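*Asks:* Before I ask anything, here is the structure I am working with.
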Amino acid sequence: MTISDTFQQAFLSIRSQILRAALIVLAMSIGIASVTILTTLGESARRYIVNEFQSLGTNLVIVLPGRTETTGGQPPLFGETPRDLTLDDANALLKSRYVAAIAPINVGSAPVSSLGLERETTILGSTASLRRVRHLKMAEGRFLPDIESDKSLPVCVIGQTIKREIFAKQKALGQWMRINDRRFRVIGVLASEGESIGVDFDEIVVIPVASAQALFNTESLFRILVEAKSKSAMYKAVGDIGKIIEIRHEGEEDITIITQDSVIGAFDEILTALTLTVASIAAISLAVAGVLVMNVMLVSVAQRTSEIGLLKALGASESQLIGLFLAEAAILCLAGAVIGMLVGQFVVSVLQIIYPEFPLLIPGWALMAALLVSLTTGLIFGVFPARKAARLDAVLALAKH
Amino acid sequence: MIQLNNIYRDFQVGDQTVQALNNINLTINQGEYISVMGPSGSGKSTLLNIIALLDHPTSGQYLFNNQDVTKLDDNALAKIRRENIGFVFQFFHLIPRLTAAENIEMPMILAGINRRQRQQRVKQAVASVGLSDRASHLPEQLSGGQRQRVAIARATIMRPGILLADEPTGNLDSHSGIEIIELLEALNKSGMLLIIITHDHHLGKRAQRRIHIIDGKIAPEK
Chain W
1 MTISDTFQQA FLSIRSQILR AALIVLAMSI GIASVTILTT LGESARRYIV NEFQSLGTNL
61 VIVLPGRTET TGGQPPLFGE TPRDLTLDDA NALLKSRYVA AIAPINVGSA PVSSLGLERE
121 TTILGSTASL RRVRHLKMAE GRFLPDIESD KSLPVCVIGQ TIKREIFAKQ KALGQWMRIN
181 DRRFRVIGVL ASEGESIGVD FDEIVVIPVA SAQALFNTES LFRILVEAKS KSAMYKAVGD
241 IGKIIEIRHE GEEDITIITQ DSVIGAFDEI LTALTLTVAS IAAISLAVAG VLVMNVMLVS
301 VAQRTSEIGL LKALGASESQ LIGLFLAEAA ILCLAGAVIG MLVGQFVVSV LQIIYPEFPL
361 LIPGWALMAA LLVSLTTGLI FGVFPARKAA RLDAVLALAK H
Chain H
1 MIQLNNIYRD FQVGDQTVQA LNNINLTINQ GEYISVMGPS GSGKSTLLNI IALLDHPTSG
61 QYLFNNQDVT KLDDNALAKI RRENIGFVFQ FFHLIPRLTA AENIEMPMIL AGINRRQRQQ
121 RVKQAVASVG LSDRASHLPE QLSGGQRQRV AIARATIMRP GILLADEPTG NLDSHSGIEI
181 IELLEALNKS GMLLIIITHD HHLGKRAQRR IHIIDGKIAP EK
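Those protein sequences? They're chains W and H, same order as listed. Here the first sequence is numbered in the working numbering, starting from 1 and rising by one per residue. Here the second sequence is numbered in the working numbering, starting from 1 and rising by one per residue.
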């Protein structure tokens with residue numbers, strides 16, 4: 001019996017039991033659709049978060065003042081407060097040959113105003129390198145000039161929202177803007193990038209770091225962004241940064257260094273685990289579909305007892321009968337898988353229309369896995385009824401009429 | 001062609017053992033026309049099933065074309081059935097979802113014969129039983145006599161040496177019954193070994209060789 005004949009006979013027998021076949025296909029397709037949709041959501045969330053972190057910069061290392069760690073010993077009742085990170089600390093990091101660029105950052109909140117329009121916003125003090133390190137794009141004008149970082153200069157770069165709200169109906173570029181009680185000239189407007197993990201660059205005003213220090217009357221930096229020369233240099237840079245700061249801080253390594261990689265890695269792991277968990281839960285519905293396949297196949301075997309006896313009398317071997325019933329299960333499961341994937345694709349497309357800013361993509365591995373799982377389920381749950389059919393006593397099966 | 005030596009077949013019914021066949025010794029040659037008669041429960045069908053390799057004797061030796069078939073595995077038995085034995089049943093046993101032509105084609109599908117050859121042979125077979133105009137009908141659209149003719153075409157499509165018929169007219173009116181018997185006898189004349197199980201003495205008498213089975217034993221042949 002050729003394979004194509006086996007499948008054709010299986011198909012003919014499915015066609016004669018349309019309702020039953022439809023039920024199996026329905027159950028299987030629900031399972032496949034839910035696995036597809038849920039893995040797509042999980043996988044897309046993972047991709048989204050990882051992309052966000054990747055867009056923060058390239059080979060980025062973030063240096064924070066203070067050290068977060070669990071050490072033994074006394075609670076820090078008498079411990080000293082961590083030393084501040086200063087501009088000199090930041091500039092000292094350039095001594096490492098693995099560091100390509102640094103951007104010291106100082107953050108504060110202050111009222112900004114121009115021609116009677118005023119609002120409170122976040123002021124970011126930094127240097128020209130910030131643009132390179134954070135991959136910022138300009139809409140108009142230019143970014144901060146490349147000057148000594150300890151020189152203050154009354155210029156600022158503003159985000160799109162600030163531009164819209166403070167310079168409602170006029171050109172912002174070249175205008176004076178008041179921050180607290182100081183005046184800054186607007187030399188550039190940032191291109192809108194949307195929300196980027198925590199910081200909304202649309203609502204920000206960037207000024208030279210020395211000016212920010214003066215504005216907020218503080219020497220200490222919020223953090224230092226460091227761009228390493230390459231991915232492999234990133235870990236060497238981390239070691240260098242630690243050593244440089246340790247020397248400068250009297251032998252105390254009182255900073256926290258985060259690499260972009262480790263953050264991405266952590267999120268990647270968490271979200272992958274989440275995706276797999278959700279997919280496994282959805283896979284339960286596949287197992288249920290499998291049980292249904294078995295049930296329906298058992299009924300089918302029982303109803304076709306005399307036909308099975310006849311096939312045996314005509315010279316069908318046990319393996320041919322098993323093949324016939326497994327082919328039936330396989331066709332039904334594959335049909336279910338294909339319909340399920342189409343339904344999944346449809347739901348994902350609808351979700352994409354509802355949430356256009358969230359990039360949804362059905363992962364190829366999920367489709368392959370869904371197909372494989374449904375086929376395996378069908379075959380595993382089909383084996384028992386098929387063997388039962390093949391082992392029927394031909395004489396008894398023929399006698400039953 | 002067929003040689004049964006000391007064949008026993010026991011069935012377990014509750015705690016009791018029923019001897020359906022009790023020391024059967026039988027030799028059947030190619031081309032014979034044999035009727036098997038006997039009362040209900042005498043063991044005729046069991047004998048037919050054993051000859052057809054559908055049932056295994058409890059003990060004894062069965063030589064099929066001089067080959068001991070009692071020890072063959074399922075695949076080998078299926079192959080012998082497929083190539084050597086045609087079956088005609090009282091209740092026709094056509095597959096209801098398949099057309100007459102597709103039913104006739106089935107043994108060739110199981111034998112793995114290619115599609116073109118199958119179609120050609122089905123066409124001839126349908127013509128030889130006079131059903132050319134009914135080939136694409138489903139069994140439920142055919143009369144009893146027509147159904148049995150489809151069954152005969154199916155049983156002979158593999159050109160087997162043996163044709164076994166279990167009460168082939170039992171479910172037919174006398175007119176169709178005669179037609180079917182004549183068809184079977186024509187096949188026998190072309191060289192096929194024909195074994196018919198029947199209740200009907202008139203039918204039984206048409207065979208050259210008559211075997212009477214009573215209580216699982218062959219009565220002496222007359």
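Ideal placement from N, C-alpha and C gives every residue a C-beta, glycine not left out. The structure displayed is predicted, hence computed values, not measured ones.
1) Return the CA-CA distance between residue 161 of chain H and residue 199 of chain H, expressed in angstroms with no decimal places.
2) Could you tell me the alpha carbon to alpha carbon distance between residue 267 of chain W and residue 378 of chain W, rounded to whole angstroms?
3) One question on the structure: do residue 131 of chain W and residue 56 of chain W come within less than 8 Å of each other, judged by their Cβ atoms?
4) What beta strand (DSSP E) runs, 3 residues minimum, are completely inside the region 44-119 of chain H?
5) May I have the straight-line CA-CA distance separating residue 150 of chain W from residue 363 of chain W, to the nearest angstrom?
6) Assign residue 201 of chain H to one of two classes, buried (16 or more other C-beta atoms within 10 Å of its C-beta) or exposed (fewer than that).
7) Is the beta carbon of residue 147 of chain H sitting closer than 8 Å to the one on residue 94 of chain H?
8) In terms of alpha-carbon separation, which member of H/174, H/40, H/38, H/193 lies closest to residue 27 of chain H?
9) Just the chain W side, please: which residues come within less than 7 Å of residue 106 of chain H by C-beta, in chain order?
10) Is the region 3-10 of chain H close to the region 358-377 of chain W, with three or more CB pairs under 8 Å?
11) In whole angstroms, what separates the C-alpha of residue 254 of chain W from that of residue 88 of chain W?
12) Let me check understanding here. Comparing Cα to Cα, which of W/113, W/374, W/275, W/16 lies closest to residue 162 of chain W?
13) Closer than 8 Å by beta-carbon distance: list the chain H residues that pair up with residue 320 of chain W, in chain order.
14) If you draw a straight line from the C-alpha of residue 215 of chain W to the C-alpha of residue 347 of chain W, how long is it?
15) Tell me whether residue 79 of chain W is buried or exposed, calling it buried when 16 or more other Cβ atoms sit within 10 Å of its Cβ.
16) For residue 4 of chain W, which of helix, strand or coil comes out of DSSP?
17) What's the gap between the Cα of residue 100 of chain H and the Cα of residue 131 of chain H?
18) Cβ closer than 7 Å: which chain H residues qualify as neighbours of residue 1 of chain W?
19) Look at the alpha carbon of residue 357 of chain W and the alpha carbon of residue 109 of chain H, and state the distance between them as a whole number of angstroms.
20) With which residues is residue 437 of chain W paired in a DSSP beta bridge?
21) Anything in chain A within Cβ reach of residue 16 of chain W, meaning under 7 Å, just list it in chain order.
22) CA-CA distance, residue 222 of chain W and residue 66 of chain W?
23) Assign residue 65 of chain H to buried or exposed, taking buried as 16 or more other Cβ atoms, counted over all protein chains shown, within 10 Å of its Cβ.
24) Given a limit of 8 Å on CB to CB distance, which residues of the region 52-65 of chain H reach chain W?
25) For the alpha helix (DSSP H) containing residue 20 of chain H, name the first residue and the last one.
26) Given this structure, state the Cα-to-Cα distance separating residue 159 of chain W from residue 201 of chain W, to the nearest angstrom.
27) Measure from the C-beta of residue 307 of chain W to each C-beta in chain H and report whether the shortest distance is under 8 Å.
28) Tell me, please, whether the CB atom of residue 9 of chain W is closer than 8 Å to any CB atom in chain H?
29) Does the separation of the CB atoms of residue 176 of chain H and residue 216 of chain H fall below 8 Å?
30) With DSSP as the reference, label residue 135 of chain H as helix, strand or coil.
31) Does the CB of residue 93 of chain H have a neighbour CB from chain W at under 8 Å?
32) Would you tell me roughly how many angstroms separate the C-alpha atoms of residue 231 of chain W and residue 59 of chain W, rounded to the nearest one?
33) Could you pull out every residue in the same chain whose Cβ sits closer than 7 Å to the Cβ of residue 121 of chain H, ignoring the five residues on either side in sequence?
34) Would a C-beta distance cut-off of 8 Å place residue 145 of chain W and residue 211 of chain W closer than the cut-off?
35) Against chain H, which members of the region 350-377 of chain W pass a CB distance test of less than 7 Å?
36) Helix, strand or coil: which one does DSSP assign to residue 362 of chain W?
*Replies:* So, to answer that:
1) 24 Å
2) 35 Å
3) no
4) 59-64, 85-88
5) 49 Å
6) exposed
7) yes
8) H/193
9) 314
10) no
11) 15 Å
12) W/113
13) 78, 110
14) 52 Å
15) Caution is warranted here: a pLDDT of 48 is assigned to residue 79 of chain W, below 50, making its placement in the model unreliable, and no coordinate value can be reported.
16) helix
17) 9 Å
18) 109, 110, 112
19) 56 Å
20) Only positions 1 to 401 of chain W appear in this structure, which leaves residue 437 of chain W out of reach.
21) Absent here is chain A; the protein component of the structure consists of chains W and H.
22) 11 Å
23) exposed
24) 52, 54, 55
25) Counting along the chain, residue 20 of chain H falls outside any alpha helix (DSSP H), though it belongs to the beta strand (DSSP E) covering 16-28.
26) 6 Å
27) yes
28) yes
29) no
30) coil
31) yes
32) 6 Å
33) 108, 157
34) no
35) none
36) coil
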